[in-house]
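Report on the following structure.
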Amino acid sequence: MTDSEMVVADIATAGAAESPADDAHDPTPGTQLRRLREAAGVSREQLAKILCVTPTVLSQLESDQYERLAGFTYVRGYLRSACKYLEADPAPLLAGLEGYSREEVESRKVVESARAAGGKSGLGSGLLLLLAGLLIAGFWWSTAREMAPPQALPDSAADESLEQVSAERDSPLAVESVQREAVLEIPPVTDAELGALALEPEEELAEALPAARETASVVAAPEAEPVIEPGYREQTPAEARVVPVVVAAPAEQQSATVSAAVPATGSAAETRTEIAAGDLQLSFSDECWLEVSDAQGQVLLEGIRNAGDSVTLQGQAPYTLKLGHAAVVTAIYRGSVVDVAPRPGRRTRTLTVGN
Amino acid sequence: MFKRLRGMFSSDISIDLGTANTLIYVRDRGIVLDEPSVVAIRHYNGQKLVEAVGVEAKRMLGRTPGNITAIRPLKDGVIADFQVTEKMLQHFIKKVHENGWMRPSPRVLVCVPCQSTEVERRAIRESALGAGAREVWLIEEPMAAAIGAGLKVEEASGSMVVDIGGGTTEIAVISLNGVVYSDSVRIGGDRFDEAIVNYVRRNYGSVIGDATAERIKEEIGCAYAGSEVREIDVRGRNLAEGVPRSFTLNSDEILEALQEPLTGIVQAVKSALEQSPPELASDIAERGMVLTGGGALLRDLDRLLMEETGLPVIVADDPLTCVARGGGKALDMMDKSRLYLVSQ
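So the sequences go chain by chain: A and B. Each residue of the first sequence is one higher than the last, beginning at 1 in the UniProt record's numbering. Each residue of the second sequence is one higher than the last, beginning at 1 in the UniProt record's numbering.
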């Protein structure tokens, strides 16, 4: 179909839209434009020439075939220009365009949104502020809780606690409270005692043993099973094992060599592994972070060790070692030195020993 | 961290930092600020204090005592006075967050002239950051204008936008979310005012201020002969007598006065059409070009361009706010999809 045929076809379509019924009721923008043009005595070709558009475009505009045009921004512009030339008010034509297509609605929304003005309610902002405050407080609390070092009871407090436990043990009415306190307070007490024990020579261990046995008897009592906090529930069996190890240590004549620098605040499990006679010895010439886990994935040791420290570990081989400063560590496994030197250009080393 | 927290209580905004007017579009609220880019500075004990900003400062233009200076910190679409621009932006950003409890720290999209240099863009970015913005994006003005006018910039077809602002006229051919060709001429509403002032001085021997020239332009200014002739009474200081005199100007005289800047714009548009790729030029010839910006409100400017180029010329809906609205829409689009039409 040639251009001229298309024009003719479009004009025919436009003519079809000019039915008297359409004109009488709710005239479309195209119909209104055609009426204005005819009232001004201007032909379609003349108006097209003035608007610098082709007669086809004007014909499509008058027959409301907007989808064939470039977009509603242009359609509104053409209608405005035509009305300006015909000295008519473009508002009714532009109003008539509403609802012709979703695109038109969206296009108008852009303009309307610009004119809309409204503010956020102060209440909404206030609630948001409150919520944000709560979130921050929660985050701070959880972070502070994680970061805080485990609190070791001072020696006097530990003694006091022990005395209280032993005093209350005899009272049948206070059995339950004794059980709970024993479970809750044993970890720091055990740490403190073990730390103190570690500092003393082996001969002096015997003197401290009765106290440890007494503690053990409280801890290992079957009635001590009901535990209040889940965190402590996990620790209870471990702590129940602690004292037998300590007690058994001299009996089995296994060398429980722990350096003087072992902190009293270390966890019970860590202390246990360090005291237990083992087959992996680690010594440090400088500060180094390390983590040692056994074949079952249980972490035997984790933390920072200082220059001069040495640790002996007992567990199920193979061990997995993660060393933060591998160059300062000397590892001996069952009497033979293990190469833990870092790779060239690296500082850390992860290796498995005892395969 | 506090900036980020403050940002939670600030709305994303789009700023059309124009030579004549600054418009701010706030997401979900529309255009909330439309004020002249004017700042009044008071000099006190060797210090510079901001006396007024926006409408209030514009009223002071040409009417200030010795210790107050009313200045326009932007010239030709770019920053002429960095510190004053920063203060002005700070004032406007605070004004649109009046309901907030704390100092705002919004994400800001600023429209920049397409021919602005890296140094000029950096100045705008740092000025916005200094005014409290958390993040700053830049978008070229014609692109924002096209989006604001409702053109389908993402399609593989050419659209031509002529954005006539206060300091510059930006002409761009846009296709596939990108600017294919752009040009910027330093002719805009200010040059129209200047031309009217010069015309009155030359022909009436009287001096009028910029504000009066702007009023004349808005009321009787036209760009094409043949339309209704309008008149306006003007009062200015007679240069020979030194006293204020009243005289009447008509729209034909203003048309004559505006010939030089209008010719500059027409030449720039013709040059853009000449340099457009043929396929895009064909699209533009079929659809026409879209006028945006305050200059598009000059009576019969579309008629002039139609006569000069032989192409359809349409004026966008609400041309003054097209750029700011387009920036706001670009902000929305940015969150939905990664856009290449903004730079950070």
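Every residue gets a Cβ at the ideal spot worked out from N, C-alpha and C, and that includes glycine.
What do you reckon, are the CB atoms on THR85 (chain B) and SER127 (chain B) nearer than 7 Å?
Numbered from its first residue, the second sequence carries residue 85 (chain B) at position 85. Numbered from its first residue, the second sequence carries residue 127 (chain B) at position 127. The Cβ-Cβ distance between THR85 (chain B) and SER127 (chain B) falls below 7 Å.
Taking the straight line between their C-alpha atoms, what separation do you get for ILE41 (chain B) and TYR85 (chain A)? The residue you call residue 41 (chain B) lines up with position 41 of the second sequence. The residue you call residue 85 (chain A) lines up with position 85 of the first sequence. Straight across, the Cα-Cα distance linking ILE41 (chain B) with TYR85 (chain A) is about 47 Å.
Quiz item: If the cut is a Cβ gap below 9 Å, which residues of chain B does ALA70 (chain A) touch?
Solution: Locating residue 70 (chain A) in the first sequence gives position 70, counting from the first residue. Chain-order list of chain B residues neighbouring ALA70 (chain A): LEU151, LYS152, SER157, SER159, ASP283, GLU286, ARG287, GLY288, by C-beta distance under 9 Å.
Classify ASP16 (chain B) as helix, strand or coil using the three-state DSSP reduction. As a first step, residue 16 (chain B) must be located in the second sequence, where it is residue number 16. For ASP16 (chain B), the three-state secondary structure derived from DSSP is strand.
- Query: What residue from B:VAL55, B:ASN67, B:VAL173 has the CA that sits closest to LEU49 (chain B)'s CA?
  - Reply: Residue mapping note: residue 49 (chain B) aligns to position 49 of the second sequence, counting from 1. The shortest CA-to-CA distance from LEU49 (chain B) to any of B:VAL55, B:ASN67, B:VAL173 is the one to B:ASN67.
| message | Distance check for GLY46 (chain B) and residue 410 (chain B), CA to CA, integer angstroms please. | response | There is simply no residue 410 (chain B) to check, as chain B begins at 1 and stops at 344 in what is shown.
query = Going along the chain, which residues of its own chain have a beta-carbon closer than 6 Å to the beta-carbon of SER121 (chain A), five neighbours each way excluded?
reply = For the purposes of this step, residue 121 (chain A) is identified with residue 121 of the first sequence, where counting begins at 1. In this prediction, SER121 (chain A) has a pLDDT of 42, which is less than 50 and means its spatial position is unreliable; what the coordinates show is noted afterwards. Closer than 6 Å at Cβ, skipping near neighbours: no residue.
query: Using Cβ-Cβ distances below 9 Å, what residues of the region 301-317 of chain B are close to chain A?
result: Under the 9 Å Cβ criterion, the region 301-317 of chain B contributes ASP302, ARG303, MET306, GLU307, THR309, GLY310, LEU311, PRO312, VAL313, ILE314, VAL315, ALA316, ASP317.
Exercise. Helix or strand or just coil, what does DSSP make of ALA144 (chain B)?
Worked result: Within the second sequence, numbered from 1, the residue matching residue 144 (chain B) stands at position 144. Secondary structure of ALA144 (chain B) (DSSP, three-state): helix.
- Message: Counting only Cβ pairs nearer than 8 Å, list the residues of chain B close to THR73 (chain A).
- Response: To locate residue 73 (chain A), count along the first sequence from 1; it is residue 73. Within 8 Å Cβ-Cβ: ALA149, GLY150, LEU151, VAL290, ILE314, ALA316, ASP317.
Does the contact criterion of 3 or more C-beta pairs under 8 Å hold for the region 249-266 of chain B versus the region 123-137 of chain B? Too few Cβ pairs lie closer than 8 Å, so no.
Going by CA-CA distance only, name the one from B:TYR44, B:MET143, B:GLY221, B:LEU291 that's closest to VAL162 (chain B).
The residue you call residue 162 (chain B) lines up with position 162 of the second sequence. Of B:TYR44, B:MET143, B:GLY221, B:LEU291, the residue nearest in Cα terms is B:LEU291.
| query | Across which residues does DSSP place HIS43 (chain B) in a beta bridge pair? | reply | Taking the first residue of the second sequence as 1, we reach residue 43 (chain B) at position 43. Its beta-bridge partners are B:LYS48.
- Which residues mark the beginning and the end of the alpha helix (DSSP H) in which GLY77 (chain A) is found? Your numbering for residue 77 (chain A) matches position 77 in the first sequence. Unbroken alpha helix (DSSP H) run through GLY77 (chain A): 72-85.
Kindly give me the distance between the Cβ atoms of VAL337 (chain A) and LEU351 (chain A), rounded to whole angstroms, as I take these residues to be in contact under 8 Å.
For the purposes of this step, residue 337 (chain A) is taken as the residue at position 337 of the first sequence. For the purposes of this step, residue 351 (chain A) is taken as the residue at position 351 of the first sequence. Under the criterion of beta carbons closer than 8 Å, VAL337 (chain A) and LEU351 (chain A) do not qualify as touching, at roughly 13 Å.
**Within the UniProt domain "HTH cro/C1-type" (33-67) of chain A, ranges of the alpha helix (DSSP H) (whole runs, at least 4 residues)** = With a minimum length of 4 residues, the continuous alpha helix (DSSP H) runs that stay inside the UniProt domain "HTH cro/C1-type" (33-67) of chain A are 44-51, 55-62.
Are there 16 or more other CB atoms within 10 angstroms of the CB of ALA198 (chain A), so buried, or fewer, so exposed?
By one-based count along the first sequence, residue 198 (chain A) stands at place 198. Note on ALA198 (chain A): pLDDT 43, under 50, position unreliable in the model; the coordinate value appears next. Its Cβ being crowded by 16 or more others within 10 Å, ALA198 (chain A) is buried.
Q) Nearest chain B C-beta to GLY30 (chain A) closer than 7 Å, yes or no? A) In the first sequence, residue 30 (chain A) corresponds to position 30, counting from 1. Answer no: the Cβ-Cβ gap between GLY30 (chain A) and chain B never drops below 7 Å.
ask   = Beta-carbon of VAL42 (chain A) versus every beta-carbon of chain B: anything under 7 Å?
value = The residue labelled residue 42 (chain A) in the question sits at position 42 within the first sequence. No, its Cβ sits nowhere closer than 7 Å to a Cβ of chain B.
Open item on the list: For chain B, check one thing: does any of its Cβ atoms lie closer than 7 Å to the Cβ of THR348 (chain A)?
Closed with: For the purposes of this step, residue 348 (chain A) is taken as residue 348 along the first sequence, with counting starting at 1. Using a CB distance cut-off of 7 Å, THR348 (chain A) does not count as an interface residue toward chain B.
Next on the checklist: Extract the residue ranges of the alpha helix (DSSP H) inside the region 65-96 of chain B, only unbroken runs of 4 or more that lie entirely within it.
Outcome noted: The region 65-96 of chain B contains, as complete alpha helix (DSSP H) runs of 4+ residues, the segments 82-96 (chain order).
- Verify the CB distance criterion: does GLY138 (chain A) have a CB-CB separation below 7 Å to chain B? Here residue 138 (chain A) corresponds to residue number 138 of the first sequence, with the count starting at 1. Chain B contact via Cβ: absent.
Margin query: Which runs of the beta strand (DSSP E) at least 3 residues long sit entirely within the region 271-305 of chain B? Give them in chain order.
Written below: As far as the region 271-305 of chain B is concerned, its whole beta strand (DSSP E) runs of at least 3 residues are 289-292.
TODO: Could you pull the start and end residues of the beta strand (DSSP E) that VAL311 (chain A) belongs to?
DONE: Counting from 1 along the first sequence, the entry for residue 311 (chain A) is found at position 311. For VAL311 (chain A), the enclosing beta strand (DSSP E) covers residues 310-313.
Q.
Distance check for CYS322 (chain B) and CYS52 (chain A), CA to CA, integer angstroms please.
A. Translated into positions along the first sequence, residue 52 (chain A) becomes position 52. Translated into positions along the second sequence, residue 322 (chain B) becomes position 322. Linking CYS52 (chain A) to CYS322 (chain B) through their CA atoms gives a straight-line distance of about 24 Å.
* Residues sharing a beta bridge with ALA331 (chain A), DSSP -> Counting from one through the first sequence, the residue named residue 331 (chain A) turns up at place 331. Beta-bridge pairing links ALA331 (chain A) to A:LEU282, A:VAL338.
Fill in: Those runs of the beta strand (DSSP E) which lie wholly inside the region 143-189 of chain B and span at least 3 residues
Counting whole runs of 3 or more residues, the region 143-189 of chain B contains the beta strand (DSSP E) stretches 159-164, 169-175, 178-185.
So, using beta-carbon positions, are ALA213 (chain B) and ILE196 (chain B) closer together than 7 Å?
Counting from 1 along the second sequence, the entry for residue 213 (chain B) is found at position 213. Counting from 1 along the second sequence, the entry for residue 196 (chain B) is found at position 196. Yes.
So for TYR319 (chain A), helix, strand or coil by DSSP? Taking the first residue of the first sequence as 1, we reach residue 319 (chain A) at position 319. DSSP, read as helix, strand or coil, puts TYR319 (chain A) in strand.
#### Entry: Stretch-stretch touch, CB-based, cutoff 8 Å, three pairs: the region 306-316 of chain B with the region 261-272 of chain B
The region 306-316 of chain B makes contact with the region 261-272 of chain B, as at least three CB pairs between them are under 8 Å.
- Message: On a Cα-Cα basis, can you pick out the residue from B:GLU35, B:ILE13, B:SER37, B:GLY18 that is closest to ARG27 (chain B)?
- Response: Along the second sequence, one-based indexing puts residue 27 (chain B) at 27. Checked all of B:GLU35, B:ILE13, B:SER37, B:GLY18; the closest Cα to ARG27 (chain B) is B:ILE13.
Nearest CA to the CA of LEU33 (chain A): which residue from A:ALA91, A:THR73, A:THR54, A:LEU323? Here residue 33 (chain A) refers to the residue found at position 33 when the first sequence is read from its first residue. Of A:ALA91, A:THR73, A:THR54, A:LEU323, the residue nearest in Cα terms is A:ALA91.
Report task. Sort B:VAL179, B:SER37, B:LEU61 by Cα distance to PRO277 (chain B) and report the nearest one. Result -> Taking the second sequence and counting its residues from 1, the one referred to as residue 277 (chain B) is at position 277. The candidate whose alpha carbon is nearest that of PRO277 (chain B) is B:VAL179.
- request: Please specify which runs of the alpha helix (DSSP H), each continuous and at least 4 residues long, are wholly inside the region 198-230 of chain B, giving them in chain order.
  value: Segments of the alpha helix (DSSP H) lying fully in the region 198-230 of chain B: 210-220.
**Asked** From A:SER43, A:ARG80, A:ARG305, A:LEU301, pick the residue whose C-alpha is nearest to that of LEU285 (chain A); which is it?
**Response** Residue 285 (chain A) sits at position 285 when you count from the first residue of the first sequence. Per the sequence presented here, residue 285 (chain A) reads as Ser, with Leu not at that position. That would be A:ARG305, whose Cα lies nearest to the Cα of SER285 (chain A).
Practice item. Indicate whether at least one CB of chain B lies closer than 7 Å to the CB of residue 385 (chain A). Key: Chain A is shown from 1 up to 355; residue 385 (chain A) falls before or after that span and cannot be answered.
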